[in-house]
Each structure stands twice: as C-alpha cells, then as structure tokens.
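Chains as they are written, first to last, in the UniProt record's numbering: chain R, 1 to 262; chain C, 1 to 211.
Data block below; observations after.
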Amino acid sequence: MVAIMNATETNATEINPEWVVWSEKLPGGAYWHGVIPRWQTLRITDLAGSQGVAMICYNAERPMERLNVADTAKIQFNAFLHQGQVLYSDMGRVLFSITADTANGHDLICGCSTTESNRAKYGVGEYNKFGQNDFNNSRDQFLKALGKWGMCRRDLMPNVNFFSRVTVTPTGGLQYMSESANPGAYVDLRAEMNVLVVISNCPHVLHPAPHYRPQPVQLTGWRSPAPTADDPCRTANEEAIRGFVNTDSWWAQRPLAPGYIL
Amino acid sequence: MTAIAERVLDPTQAVYDYRLPARQPWSKVIQTGQILRIVDLEGNQAVDTLIYNAADTSERYSAPDTVVRQGNIFITAGTQLISNAGNVLMTVLNDTCGRHDTLGGACSMESNSVRYGLHKKHLHACVENYLLELSQYGMNKRDLVSNINFFMNVPVSGDGTLEIVDGISEAGKYVDLRAELPVMVLISNCPQINNPCNAYNPTPVRLLIWD
Numbered sequence: 001m002v003a004i005m006n007a008t009e010t011n012a013t014e015i016n017p018e019w020v021v022w023s024e025k026l027p028g029g030a031y032w033h034g035v036i037p038r039w040q041t042l043r044i045t046d047l048a049g050s051q052g053v054a055m056i057c058y059n060a061e062r063p064m065e066r067l068n069v070a071d072t073a074k075i076q077f078n079a080f081l082h083q084g085q086v087l088y089s090d091m092g093r094v095l096f097s098i099t100a101d102t103a104n105g106h107d108l109i110c111g112c113s114t115t116e117s118n119r120a121k122y123g124v125g126e127y128n129k130f131g132q133n134d135f136n137n138s139r140d141q142f143l144k145a146l147g148k149w150g151m152c153r154r155d156l157m158p159n160v161n162f163f164s165r166v167t168v169t170p171t172g173g174l175q176y177m178s179e180s181a182n183p184g185a186y187v188d189l190r191a192e193m194n195v196l197v198v199i200s201n202c203p204h205v206l207h208p209a210p211h212y213r214p215q216p217v218q219l220t221g222w223r224s225p226a227p228t229a230d231d232p233c234r235t236a237n238e239e240a241i242r243g244f245v246n247t248d249s250w251w252a253q254r255p256l257a258p259g260y261i262l
Numbered sequence: 001m002t003a004i005a006e007r008v009l010d011p012t013q014a015v016y017d018y019r020l021p022a023r024q025p026w027s028k029v030i031q032t033g034q035i036l037r038i039v040d041l042e043g044n045q046a047v048d049t050l051i052y053n054a055a056d057t058s059e060r061y062s063a064p065d066t067v068v069r070q071g072n073i074f075i076t077a078g079t080q081l082i083s084n085a086g087n088v089l090m091t092v093l094n095d096t097c098g099r100h101d102t103l104g105g106a107c108s109m110e111s112n113s114v115r116y117g118l119h120k121k122h123l124h125a126c127v128e129n130y131l132l133e134l135s136q137y138g139m140n141k142r143d144l145v146s147n148i149n150f151f152m153n154v155p156v157s158g159d160g161t162l163e164i165v166d167g168i169s170e171a172g173k174y175v176d177l178r179a180e181l182p183v184m185v186l187i188s189n190c191p192q193i194n195n196p197c198n199a200y201n202p203t204p205v206r207l208l209i210w211d
C-alpha cells in the first residue's frame, strides 16, 4: 500500500524574505499566468477563506506536455491532493511536488466553472466600469491566459481546484464540503521542471454560496531548498520514484539546440 | 440503470456491425440521432472512448463537465455526455452494465512506466492507439483529454482513495449512445494487461450503429 503523509504532519515553512523572488495578490475573479522554474516553489495562500482556486499547468518549454489529473489521481490511488503527493503530466513525469499543505483539501474531479455554470448560479453578469464581468468564470479565464501563450481550446485539460474539498458518496454523488474554507492556509508547489502555470481565482463550480464573492489569494514565487536524496515527495512510493526517474531524465536531455524556442 | 429508449434495437437492422479486435483503435463519425452500441463481448474489457464535435474537434468530451452536470462520477443510462463548450454530445440511452468510469483516464506508455515499472514502458497502450487513429484527422496529443472507460469500475471512497477494482461487467453487457449532434467517436479497445480492468486479458468488443 502507498504510504500517505498525514495532513497533521505538515511542516509549515516560514519563507525567508531573501528567498522570495516575487509576490503578488490575486483578487477574486482574476487570473494569473507565469513560469515557475525547476526547484523554485509557488506558494498559494488562502487569505480570506477562498471559494476555490483553479489551476492548469504545462511543461513551459514544450506545452504539448500538460497536467493530467486522471494520471495524478490513479497513479497515487487518491482523488484528493495533499502534502507529499505530486502532479503528474501526461508524459509520466512530475510537474509539481506538494511540499507543504495546510489546507483542508484540493479537488481533482470537478473541473472549472463556465459561463453556463455561473449563469445558473448567479444570474447574468454585467461588465463594470473597469471592463470586468461581474461573474468571471475559470474556463474563460484559462482561455484568455492560454491565448497569450499562443494556445487555445485544444490545449485545455481538466484542472485541479485548490482549497476545495469535494467528497464522493458510495453511489457516486458529489458533495462540496464547507470546511474547505480555511483562511491563512497555503499550499507549496515545488516545480520539478520549468512549469507554465495558469491560475483562475473564481469560485469552485460546486461552491454553494449564492452570491459571487471570490476571495483574494497571495501568490509567492520563492527559491526553495533543492530536494535532498530523502525528499519526501521524491521518495513517497515506487511510482513517485519512477516518475522522478522520468522527470530527471527529461531534464538532462531537454532540447538546447540553437533556434529552440522557449 | 433505467432504460430510456423506447425503440427495440434489432442487431439485424443495424447499419453498421463491426467486431473490434482486442487492443485495436477505432473511430467513426456518428450522425445526429444515430445510436452506437458498444458490446462487452467477453466481459470486463475496458473500452476507452473520446467524443468530438465532428464539425469542430476543438469541442470535445469533458469528463469534469459531465460529472458536475449530473452530480455523479459514474456514467450510466440517462447520463448526458457533455462537451467543453457545455453541449450534449451524446446521451446514454441504455446500459445493462450499471456504471462506467470517467476519472481514471487512459493508459499510456509513459504512465505505464510509472505505474507498473520502467521496463513496462514499451507495452502497447491506449494513448498509442489514440494517436495512430487521430493522425488521419490531422490531430495529435493536444487533442487528448480525460476519457470514458466503459465497463470499468473506479469508486472513490470518503478519504479520496481511488481504486481500479474488479469490473461489474460481464459477457454481453452493453451500452447504447445516441448522438445529439454529428460526433466523431474515438475508441481504444484497451490493451492493458497489468490491472484488473481487463481481467489481465484484452478481449474484442462489438460495435453496432442504428439510424
């Protein structure tokens, strides 16, 4: 059986200010995209009781390789993400290690909100004076961000939802658990290759609140310690060890030829 | 597990009847209103399936939209198979198996190397089937998303534990899918030999289409 780190064993890490590369606050309803270099860490902090933060990610140097939530769940025999686990790409490699996690759960099943799901929940949104729609949805936020990287609907895969706990009943029913809200909680994602990240800070598609009031999160990129030989994520189980063999192998041979475009 | 089709579907009246061998890919455009039946001929054969809008293949099956729309992770009779644009691609009319998985995704060379051992990398896999079949449409790995695994049983427990357990299908079980718009259906008759989803033995399936 797979060894699973208990959530209570979380080793909360204060980030040394000298390690911080950048930090910014992402308002509710907004999106962010950028690259986290190998062995730097992205910390997402739930400032005020998030209603869910949707994320997709890609191999930044070759975005044909992308997050695969089905492989991430089945390889680790678990549909809920937590500390000690990794996010697998569709190439048997690791995009991110979850090196710290003080949240109450992350969802791999439900995907993201859409125009239709928001309209059903909140009604028809209007554009305000800043040109923002009242009810931004994650599907559209993903597409806007991907468009800036020359990518489109073909490049969308199912996403992960941080700060959201959705359980499944024995008959397959979905239940959004309200204890997901946990102001101050954070998750640390250590990049295992150069990772292109797109984050949409819109409410989870099953969040029960009838009003659209997504809460801000803090995004911090920091130079985290390089993984050691006994790194908990890299040695969590046989599958993780093999996933990192594949990842490190690709890192060693990734294209460096002249004309290669990042 | 309610059958919602009133019609009696007589195999002798089918406009298409094909025995898809073990391990092989298949694809076909199904017109609006046509019904595709997938028959699990020998039992517990995982049939990995993706569906595209035939007129614009950037619109394709979305596992999370399907799961959220119906509020349930299992696919069975009555389930609408939803696209990434929120449209109903196909409707499950009849299902004599009871449940089908859409969380587990497809096997690939690369995931097999992680799941079963680096030496298993060069086994045949669903993604290989998909890529070969998609190549005739000018499509590639960009077009692959989480799929449906017909006749597979993947429950999720309260703590999130996800297991690929022995199937609940058996020889002769089938599922009927009605196209709600012209769709391209892509199938990999899964070659997986490392887990119980195929009872460690890939077997053929039968594909029937009625107008």
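Using N, Cα and C, we set each Cβ at its ideal position, and we do this for glycine too.
Query raised in the report: Expressed to the nearest angstrom, what Euclidean distance is found between the alpha-carbon atoms of R:Gly29 and R:Asn201?
Result: For the purposes of this step, residue 29 of chain R is taken as residue 29 along the first sequence, with counting starting at 1. For the purposes of this step, residue 201 of chain R is taken as residue 201 along the first sequence, with counting starting at 1. About 5 angstroms.
Query raised in the report: How many angstroms separate the CA atom of R:Asn68 from the CA atom of R:Asn159?
Result: Residue 68 of chain R sits at position 68 when you count from the first residue of the first sequence. Residue 159 of chain R sits at position 159 when you count from the first residue of the first sequence. Roughly 8 angstroms between the two C-alpha positions.
Query raised in the report: What do you reckon, are the CB atoms on R:Leu156 and R:Val166 nearer than 8 angstroms?
Result: Mapped onto the first sequence, residue 156 of chain R falls at position 156. Mapped onto the first sequence, residue 166 of chain R falls at position 166. Going by C-beta atoms, R:Leu156 is not nearer than 8 angstroms to R:Val166.
**Report entry** Beta carbon proximity, C:Met1 to chain R, threshold 8 angstroms
**Finding:** As a first step, residue 1 of chain C must be located in the second sequence, where it is residue number 1. Confidence in C:Met1 is poor, its pLDDT being 47 and thus under 50, which makes the residue's placement too unreliable to answer from.
Requested in this report: Taking a Cβ distance cut-off of 9 angstroms, strictly less, list which residues of the segment 154-188 of chain C are near chain R, in chain order.
Outcome: Those would be Val154, Pro155, Val156, Ser157, Gly158, Asp159, Gly160, Thr161, Leu162, Glu163 and Ile164, in chain order.
Query raised in the report: At what residues does the beta strand (DSSP E) containing C:Ser188 begin and finish?
Result: The count along the second sequence starts at 1 and reaches residue 188 of chain C at position 188. Note, C:Ser188: beta strand (DSSP E), Val183 to Asn189.
Query - Distance between C:Thr32 and R:Cys57 (C-alpha atoms, nearest Å) - result: On the first sequence, residue 57 of chain R is found 57 positions in, with the first residue counted as 1. On the second sequence, residue 32 of chain C is found 32 positions in, with the first residue counted as 1. One C-alpha to the other measures close to 35 angstroms.
Query raised in the report: Looking at the unbroken alpha helix (DSSP H) that takes in C:Tyr116, where does it start and where does it end?
Result: Counting from one through the second sequence, the residue named residue 116 of chain C turns up at place 116. Run containing C:Tyr116: Met109 to Tyr116, per the alpha helix (DSSP H) assignment.
Query raised in the report: Short check: CB of R:Val217 to CB of R:Ile44, under 8 angstroms?
Result: Translated into the one-based positions of the first sequence, residue 217 of chain R becomes position 217. Translated into the one-based positions of the first sequence, residue 44 of chain R becomes position 44. Inclusion of R:Val217 and R:Ile44 in the CB contact set at 8 angstroms is warranted, their separation being smaller than that value.
Query raised in the report: If R:Val197 sits next to R:His33, beta carbons under 8 angstroms apart, how far is it from one beta carbon to the other, in whole angstroms?
Result: Within the first sequence, numbered from 1, the residue matching residue 197 of chain R stands at position 197. Within the first sequence, numbered from 1, the residue matching residue 33 of chain R stands at position 33. Yes, R:Val197 and R:His33 are in contact; Cβ-Cβ is about 7 angstroms, under 8 angstroms.
Query - Closer than 8 angstroms to chain C by CB, R:Asp188 - result: Reading the first sequence from its first residue, position 188 is the one you call residue 188 of chain R. Answer no: the Cβ-Cβ gap between R:Asp188 and chain C never drops below 8 angstroms.
Query raised in the report: Does any CB atom of chain C fall closer than 8 angstroms to the CB of R:Leu206?
Result: The residue given as residue 206 of chain R occupies position 206 in the first sequence. It does; some Cβ of chain C falls within 8 angstroms.
Query raised in the report: Using the beta-carbon of each residue, which ones in chain R are nearer than 8 angstroms to residue 214 of chain C?
Result: The structure shown does not extend to residue 214 of chain C, since chain C spans only 1 to 211, so no value can be given for it.
Report task. Could you tell me whether the Cβ atoms of R:Asp71 and R:Tyr88 are closer together than 8 angstroms? Result -> Position 71 of the first sequence, counted from the start, is the residue given in the question as residue 71 of chain R. Position 88 of the first sequence, counted from the start, is the residue given in the question as residue 88 of chain R. Their beta carbons are under 8 angstroms apart, which means R:Asp71 touches R:Tyr88 by this criterion.
Query - Close-in-space but distant-in-sequence residues of the same chain around R:Arg139 (CB under 6 angstroms, 5 per side omitted) - result: By 1-based counting over the first sequence, the position of residue 139 of chain R is 139. The residues are Cys112 and Thr114.
**Report entry** Contacting residues, own chain, Cβ-Cβ under 6 angstroms from R:Leu189 (five flanking each side not counted)
**Finding:** Numbered from 1 along the first sequence, position 189 holds the residue referred to as residue 189 of chain R. Cβ within range, chain order: Leu42 and Phe96.
Report task. Could you give the DSSP three-state label for R:Ala73: helix, strand or coil? Result -> Numbered from 1 along the first sequence, position 73 holds the residue referred to as residue 73 of chain R. R:Ala73: helix per DSSP, three-state reduction.
Query raised in the report: For R:Ala3, which residues from the same chain have a beta carbon less than 7 angstroms from its beta carbon, with the 5 sequence-adjacent residues on both sides left out?
Result: Residue 3 of chain R sits at position 3 when you count from the first residue of the first sequence. Because R:Ala3 carries a pLDDT of 36, less than 50, the predicted location of this residue cannot be relied on, and the following value inherits that uncertainty. For R:Ala3, where only same-chain residues beyond five positions count, the Cβ hits under 7 angstroms are Ala236 and Asn237.
Requested in this report: Anything in chain C within Cβ reach of R:Glu116, meaning under 7 angstroms, just list it in chain order.
Outcome: Against the first sequence, residue 116 of chain R aligns to sequence position 116. Here the neighbours are Gly86.
Report task. Whole angstroms is fine: what's the gap from C:Thr2's alpha carbon to C:Tyr116's? Result -> On the second sequence, position 2 is the one that residue 2 of chain C refers to. On the second sequence, position 116 is the one that residue 116 of chain C refers to. Note that C:Thr2 has pLDDT 49, beneath the 50 cutoff, so the model's placement of it is unreliable and no number is given.
Report task. Could you pull out every residue in the same chain whose Cβ sits closer than 8 angstroms to the Cβ of R:Met177, ignoring the five residues on either side in sequence? Result -> Taking the first sequence and counting its residues from 1, the one referred to as residue 177 of chain R is at position 177. Contacts found: Asn104, Gly105, Arg165, Val166 and Thr167.
Query - Cβ pair count under 8 angstroms reaching 3, the segment 97-110 of chain C against the segment 139-148 of chain C - result: yes
Query raised in the report: According to the neighbour-count rule (16 or more other Cβ atoms, all chains shown, within 10 Å of its Cβ), is R:Lys148 buried or exposed?
Result: Taking the first sequence and counting its residues from 1, one reaches residue 148 of chain R at position 148. Answer is exposed; the Cβ neighbour count stays below 16.
Query raised in the report: Taking Cβ-Cβ distances shorter than 8 angstroms, what residues in chain R pair up with C:Asn72?
Result: Within the second sequence, the letter at position 72 stands for residue 72 of chain C. Residues of chain R with a Cβ closer than 8 angstroms to the Cβ of C:Asn72 are, in chain order, Thr171, Gly172, Gly173 and Leu174.
Query - Chain-order list of residues whose beta-carbon lies under 6 angstroms from that of R:Arg234 (same chain, five-residue window excluded) - result: On the first sequence, residue 234 of chain R is found 234 positions in, with the first residue counted as 1. Once the five neighbours on either side are set aside, the close Cβ partners of R:Arg234 are Pro227 and Phe244.
Query raised in the report: By the 10 Å Cβ neighbour count, where 16 or more other Cβ atoms means buried, how is R:Glu126 classified, buried or exposed?
Result: Locating residue 126 of chain R in the first sequence gives position 126, where the first residue counts as 1. The residue is exposed, with fewer than 16 neighbouring Cβ atoms inside 10 Å.
Query raised in the report: With a cut-off of 8 angstroms, does the C-beta of R:Cys233 fall near any C-beta of chain C?
Result: The residue labelled residue 233 of chain R in the question sits at position 233 within the first sequence. Chain C contact via Cβ: absent.
Query raised in the report: Where does R:Ser50 land, buried or exposed, given buried means 16+ other C-beta within 10 angstroms?
Result: Taking the first sequence and counting its residues from 1, one reaches residue 50 of chain R at position 50. Classification of R:Ser50: buried, given that the 10 Å Cβ count is 16 or more.
Report task. Can you give me the Cβ contacts of C:Asp211 inside the same chain, cut-off strictly under 7 angstroms, excluding the 5 residues immediately before and after it? Result -> Translated into the one-based positions of the second sequence, residue 211 of chain C becomes position 211. Val15 and Gln34.
Query raised in the report: In whole angstroms, what separates the C-alpha of R:Pro203 from that of R:Tyr122?
Result: Sequence index remark: in the first sequence, residue 203 of chain R carries index 203 (1-based). Sequence index remark: in the first sequence, residue 122 of chain R carries index 122 (1-based). Computed Cα separation, rounded: 11 angstroms.
Query raised in the report: Under 7 angstroms Cβ-Cβ, which residues of chain C neighbour R:Thr41?
Result: Start at 1 with the first residue of the first sequence, and residue 41 of chain R comes out as number 41. The premise fails here: R:Thr41 is roughly 23 angstroms from chain C at the closest Cβ pair, so nothing lies under 7 angstroms.
Query raised in the report: If you follow the alpha helix (DSSP H) that R:Arg242 is part of, which residue opens it and which one closes it?
Result: As a working mapping, residue 242 of chain R is identified with position 242 in the first sequence. DSSP places R:Arg242 inside the alpha helix (DSSP H), whose first and last residues are Glu238 to Gln253.
Requested in this report: Assign R:Trp22 to buried or exposed, taking buried as 16 or more other Cβ atoms, counted over all protein chains shown, within 10 Å of its Cβ.
Outcome: As a first step, residue 22 of chain R is located in the first sequence; it is residue number 22 there, counting from the start. Exposed, because fewer than 16 other Cβ atoms sit within 10 Å of the Cβ of R:Trp22.
Query raised in the report: Which class does C:Pro25 belong to by DSSP, given the choice of helix, strand or coil?
Result: Here residue 25 of chain C refers to the residue found at position 25 of the second sequence. C:Pro25 falls in the strand class under three-state DSSP.
Requested in this report: Compare the C-beta of R:Ala60 against all C-beta atoms of chain C and say whether one is closer than 8 angstroms.
Outcome: On the first sequence, position 60 is the one that residue 60 of chain R refers to. Interface annotation, R:Ala60: not in contact with chain C, CB-CB separation never under 8 angstroms.
Report task. Determine whether the Cβ of C:Ala63 lies closer than 8 angstroms to any Cβ atom of chain R. Result -> Stepping through the second sequence from its first residue, residue 63 of chain C is reached at position 63. Yes, C:Ala63 lies at the interface with chain R (some Cβ there is under 8 angstroms from its Cβ).
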